[in-house]
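Enquirer: Handing you this structure, nothing more for now.
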Amino acid sequence: MTERWRRGVFLAGAAGLAALLLWGLAGLPGFGRYPGPYGDIINRIAVAQTNATGVVSAVNFSYRGFDTVGEEFILFAAAAGVATVLRHLRGKDRISTRRAALDRVAPPASDALRMAALAFTGPVIVLGWFLATHAQTSPSGGFQGGVLLTTAFVLVYLAGQVLLFRRVSPEDLTDIAEAVGAGGFAAVGVTALALGLPYLSNYLPLGSTPGAVSSSGTIALISLLVGIEVGAAFLLIIGELVDQALLVREGGT
Amino acid sequence: MSFLPYVIVAWVLIAGLYGVVTSRHLVHQIVCLIVVQSSTYVLLLAVGYRTGAVAPYFYDVPVHTPAVDPVVQALALTDVVVEAAVTALLLAFAVQAHKRFGTLDPHELVQIKG
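Protein chains in written order, with numbering that gives the first Met the number 0: chain E, 0 to 252; chain Y, 0 to 113.
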């Protein structure tokens with residue numbers, strides 16, 4: 000099929016899709032006129048039921064917790080997939096990679112980049128930890144916190160400390176952290192079963208003050224576990240990609 | 000005006016699809032796929048929005064303050080993270096395709112596979 004044909008067929012199909020899509024979307028209530036009722040019900044009862052003032056976190060880690068377990072394992076599987084695909088390549092074609100990359104020379108990190116990266120590393124760790132442990136109070140949670148924690152390691156890499164990046168994020172430790180995060184989430188759910196409650200029930204004490212860091216029982220715990228899992232998964236992915244870059248860099252210099 | 004956000008959803012989706020279909024580079028194609036998925040964020044957040052309502056966090060506002068739908072926000076949140084991980088997996092496949100076939104042009108890859 001030629002390029003023009005391909006484009007023509009796509010444009011015809013896209014026009015039909017756009018018409019159907021707009022027709023369907025036109026049937027939704029207008030923007031800003033949320034009809035409810037689920038969001039309204041949860042907003043009304045979540046604080047009293049869970050002592051978490053962050054209702055999005057309460058939904059994510061409690062009301063819809065079972066769904067989040069599934070999504071977390073998608074992340075787990077994707078990270079495992081990246082590791083499988085890239086580790087398979089590593090070592091095997093070292094020589095051919097080196098030859099292919101002979102014309103590339105990696106530019107060294109500039110002083111400004113190095114300074115900025117090292118200056119941000121500490122604050123980013125603190126912010127990531129803060130987000131992962133405050134899901135129950137404010138707009139934050141394990142997903143955001145975990146990604147930020149990974150960013151701290153990426154900053155070390157950006158500062159040109161490739162070897163240090165590997166030393167502060169050893170593969171074995173990352174693998175273990177990821178397994179602990181993902182398995183811990185599932186284990187919290189199974190513990191509820193052992194106590195004779197439905198899966199992922201909130202069986203820990205909820206605390207007395209809504210919005211306190213110690214409140215909301217399993218929501219805070221699961222958020223922290225998700226933070227560990229997300230952070231480790233992304234660290235694993237970035238570590239594998241850095242190794243690929245290293246293969247290229249070795250060839251360049 | 001209240002229909003405009005939904006038009007943006009359709010526009011972002013179709014623009015991303017156009018990129019996927021016409022792309023001549025796998026990495027570009029993967030980025031186009033991210034654009035397609037971004038339309039779901041706009042849709043999710045748009046259906047849960049209520050004019051003048053606060054975010055669903057009741058730390059410093061009373062519980063009965065009108066707030067936007069927290070369910071779609073939770074969905075969008077996990078959507079973003081999963082999308083990032085799946086993108087990484089696709090990029091890993093692109094690395095492997097380049098190593099194995101020496102090209103990242105989807106059209107040439109099709110010819111190699113026959």
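All C-beta atoms in this analysis are idealised placements derived from N, C-alpha and C, irrespective of residue type, glycine included.
Just list the residues that DSSP pairs R49 (chain Y) with in beta bridges.
Expert: Residue mapping note: residue 49 (chain Y) aligns to position 50 of the second sequence, counting from 1. The partner list for R49 (chain Y) (beta bridge, DSSP) reads E:G31.
Enquirer: If you measure from the beta carbon of S168 (chain E) to each beta carbon in chain Y, is any gap under 7 Å?
Expert: Against the first sequence, residue 168 (chain E) aligns to sequence position 169. No, its Cβ sits nowhere closer than 7 Å to a Cβ of chain Y.
Enquirer: Taking the straight line between their C-alpha atoms, what separation do you get for W10 (chain Y) and V26 (chain Y)?
Expert: In the second sequence, counting from the first residue as 1, residue 10 (chain Y) sits at position 11. In the second sequence, counting from the first residue as 1, residue 26 (chain Y) sits at position 27. Distance between the alpha carbons of W10 (chain Y) and V26 (chain Y) is about 22 Å.
Enquirer: Does the beta carbon of L19 (chain E) sit closer than 7 Å to a beta carbon anywhere in chain Y?
Expert: Taking the first sequence and counting its residues from 1, the one referred to as residue 19 (chain E) is at position 20. No, no contact with chain Y.
Enquirer: What residue does the alpha helix (DSSP H) around P69 (chain Y) start on, and which one ends it?
Expert: Counted from its first residue, the second sequence places residue 69 (chain Y) at position 70. Unbroken alpha helix (DSSP H) run through P69 (chain Y): P69 to F100.
Enquirer: Taking the alpha-carbon positions, what's the L157 (chain E) to I124 (chain E) distance?
Expert: Here residue 157 (chain E) is taken as the residue at index 158 of the first sequence, counted from 1. Here residue 124 (chain E) is taken as the residue at index 125 of the first sequence, counted from 1. Taking the straight line joining both Cα atoms gives about 15 Å.
Enquirer: Residues of chain E with a CB under 7 Å from the CB of V35 (chain Y): which are they?
Expert: Within the second sequence, residue 35 (chain Y) is the residue found at index 36, counting from 1. Those within 7 Å of V35 (chain Y) in chain E number zero; the least Cβ separation is about 12 Å.
Enquirer: Pick out whichever of E:S139, E:A51, E:A178 and E:L148 has its Cα sitting closest to the Cα of L234 (chain E).
Expert: By one-based count along the first sequence, residue 234 (chain E) stands at place 235. Residue E:L148 is the option with its Cα nearest to L234 (chain E).
Enquirer: Quick one: residues in its chain with C-beta nearer than 6 Å to the C-beta of A51 (chain E), no 5 flanking neighbours on either side, listed in chain order?
Expert: Translated into the one-based positions of the first sequence, residue 51 (chain E) becomes position 52. Same-chain partners within the cutoff: A57, Q135, S215 and I218.
Enquirer: Nearest by alpha-carbon distance to G29 (chain E): which of Y:S1, Y:P61, Y:L89 and Y:F92 is it?
Expert: As a working mapping, residue 29 (chain E) is identified with position 30 in the first sequence. The candidate whose alpha carbon is nearest that of G29 (chain E) is Y:S1.
Enquirer: To which residues of the same chain is Q243 (chain E) closer than 7 Å at the C-beta, ignoring the five residues directly before and after it?
Expert: Residue mapping note: residue 243 (chain E) aligns to position 244 of the first sequence, counting from 1. Same-chain partners within the cutoff: L85.
Enquirer: With 16 other CB atoms within 10 Å as the buried threshold, where does H133 (chain E) fall?
Expert: As a first step, residue 133 (chain E) is located in the first sequence; it is residue number 134 there, counting from the start. It is buried - the Cβ of H133 (chain E) has at least 16 other Cβ atoms within 10 Å.
Enquirer: Hey, out of Y:D104, Y:A84 and Y:A83, whose CA is closest to A93 (chain Y)'s CA?
Expert: Locating residue 93 (chain Y) in the second sequence gives position 94, where the first residue counts as 1. Measuring from the Cα of A93 (chain Y), the nearest candidate turns out to be Y:D104.
Enquirer: List the residues of chain E whose Cβ lies closer than 9 Å to the Cβ of D68 (chain Y), in chain order.
Expert: Along the second sequence, read from residue 1 onward, the residue named residue 68 (chain Y) stands at position 69. Ordered by position in chain E, the residues that pass the 9 Å Cβ test against D68 (chain Y) are Y33, G35, Y37, G38, D39, I41 and N42.
Enquirer: Leaving out five residues before and five after V19 (chain Y) in sequence, what residues of the same chain have Cβ atoms less than 8 Å from its Cβ?
Expert: Taking the first residue of the second sequence as 1, we reach residue 19 (chain Y) at position 20. Excluding sequence neighbours, V19 (chain Y) sits near Q28, C31, L32 and V35.
Enquirer: How about V54 (chain E) and P55 (chain Y): do their beta carbons lie closer than 7 Å?
Expert: Stepping through the first sequence from its first residue, residue 54 (chain E) is reached at position 55. Stepping through the second sequence from its first residue, residue 55 (chain Y) is reached at position 56. Yes, the Cβ-Cβ distance between V54 (chain E) and P55 (chain Y) is below 7 Å.
Enquirer: From L114 (chain Y) to V46 (chain Y), what distance separates their C-alpha atoms?
Expert: Any question about residue 114 (chain Y) goes unanswered here, given that chain Y covers just 0 to 113.
Enquirer: Less than 7 Å between the C-beta atoms of F70 (chain E) and V81 (chain Y), yes or no?
Expert: Position 71 of the first sequence, counted from the start, is the residue given in the question as residue 70 (chain E). Position 82 of the second sequence, counted from the start, is the residue given in the question as residue 81 (chain Y). According to the sequence displayed, residue 70 (chain E) carries Glu and not Phe. For E70 (chain E) and V81 (chain Y), yes; Cβs fall inside 7 Å.
Enquirer: Is the Cβ of S213 (chain E) closer than 7 Å to any Cβ of chain Y?
Expert: The count along the first sequence starts at 1 and reaches residue 213 (chain E) at position 214. Not closer than 7 Å to any Cβ of chain Y, the Cβ of S213 (chain E) fails to qualify, so no.
Enquirer: Please name the residues in the stretch 12-23 of chain Y whose beta-carbon is closer than 8 Å to at least one beta-carbon of chain E, in chain order.
Expert: For the stretch 12-23 of chain Y, which is checked against every Cβ of chain E, the residues closer than 8 Å are L12, I13, L16, Y17, V20 and T21.
Enquirer: Of the choices E:L20, E:S61 and E:G38, whose alpha-carbon is the least far from that of G140 (chain E)?
Expert: Locating residue 140 (chain E) in the first sequence gives position 141, counting from the first residue. When each option's Cα is compared against that of G140 (chain E), the closest is E:S61.
Enquirer: One question on the structure: do V53 (chain Y) and V60 (chain Y) come within less than 7 Å of each other, judged by their Cβ atoms?
Expert: Position 54 of the second sequence, counting from 1, holds the residue named residue 53 (chain Y). Position 61 of the second sequence, counting from 1, holds the residue named residue 60 (chain Y). Closer than 7 Å, so yes.
Enquirer: What does the Cβ neighbour count give for Q110 (chain Y), buried or exposed, with the cut at 16 atoms within 10 Å?
Expert: For the purposes of this step, residue 110 (chain Y) is taken as the residue at position 111 of the second sequence. Exposed, by the Cβ-count rule.
Enquirer: In chain order, what residues of the same chain have a beta carbon less than 7 Å from the beta carbon of V179 (chain E), not counting five sequence neighbours either side?
Expert: Stepping through the first sequence from its first residue, residue 179 (chain E) is reached at position 180. Answer for V179 (chain E): I227, listed in chain order.
Enquirer: Hey, how far is the Cα of A91 (chain Y) from the Cα of H24 (chain Y)?
Expert: Numbered from 1 along the second sequence, position 92 holds the residue referred to as residue 91 (chain Y). Numbered from 1 along the second sequence, position 25 holds the residue referred to as residue 24 (chain Y). Rounded to the nearest angstrom, the two C-alpha atoms are 14 Å apart.
Enquirer: When you compare only the Cα positions, how much space is there between A18 (chain E) and Y40 (chain Y)?
Expert: Position 19 of the first sequence, counting from 1, holds the residue named residue 18 (chain E). Position 41 of the second sequence, counting from 1, holds the residue named residue 40 (chain Y). Cα-Cα distance, rounded: 20 Å.
Enquirer: DSSP puts Y115 (chain Y) in a beta bridge; with which residues?
Expert: Lying outside 0 to 113, the shown extent of chain Y, residue 115 (chain Y) is not represented and no answer is given.
Enquirer: So, are the CB atoms of A231 (chain E) and T150 (chain E) less than 7 Å apart?
Expert: Position 232 of the first sequence, counted from the first residue, corresponds to residue 231 (chain E). Position 151 of the first sequence, counted from the first residue, corresponds to residue 150 (chain E). Taking 7 Å as the Cβ cut-off, A231 (chain E) and T150 (chain E) do not qualify as a contacting pair.
Enquirer: Which residue spans inside the stretch 194-223 of chain E form an unbroken alpha helix (DSSP H) run of at least 4?
Expert: None, since the stretch 194-223 of chain E contains no complete alpha helix (DSSP H) of that length.
Enquirer: Going by the CB atoms, is the gap between L88 (chain Y) and V81 (chain E) shorter than 7 Å?
Expert: Mapped onto the first sequence, residue 81 (chain E) falls at position 82. Mapped onto the second sequence, residue 88 (chain Y) falls at position 89. Result yes, Cβ atoms of V81 (chain E) and L88 (chain Y) sit closer than 7 Å.
Enquirer: Compute the distance between the beta-carbons of V44 (chain Y) and V8 (chain Y), then report whether it is under 7 Å.
Expert: Stepping through the second sequence from its first residue, residue 44 (chain Y) is reached at position 45. Stepping through the second sequence from its first residue, residue 8 (chain Y) is reached at position 9. The identity of residue 44 (chain Y) in the sequence shown is Leu, whereas the question assumes Val. Cβ atoms of L44 (chain Y) and V8 (chain Y): not closer than 7 Å.
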